[in-house]
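Residue numbers (the working numbering): -13 to 60.
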């Protein structure tokens, strides 16, 4: 039983190791993106699911970064 719990803990930790989060005020929201202002910095994040957030709400957004293209420079 202990081995299963340890294995599940390690798997969960590895999944969240690649996740990021930002907390701030919603300054823009649409069906495809949400823009969160954290201090003086804006975070524009694509939405993969509908959001109930409205402009002015304080939210925490969890997101992951993925590369859509990689160009090799010589």
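Using N, Cα and C, we set each Cβ at its ideal position, and we do this for glycine too.
Since this is a predicted model, take the numbers as computed values, not measurements.
Endpoints, the beta strand (DSSP E) within which residue 57 is located: No beta strand (DSSP E) contains residue 57, which DSSP labels as neither H nor E.
Residue 20 vs residue 47 beta-carbon contact at 8 angstroms: yes
Identity of the residue in 52, 56 and 60 nearest residue 6 by Cα: 52
Exposure label - residue 56; buried when at least 16 CB within 10 Å: exposed
Residue 38 versus residue 15 - alpha carbon distance: 10 angstroms
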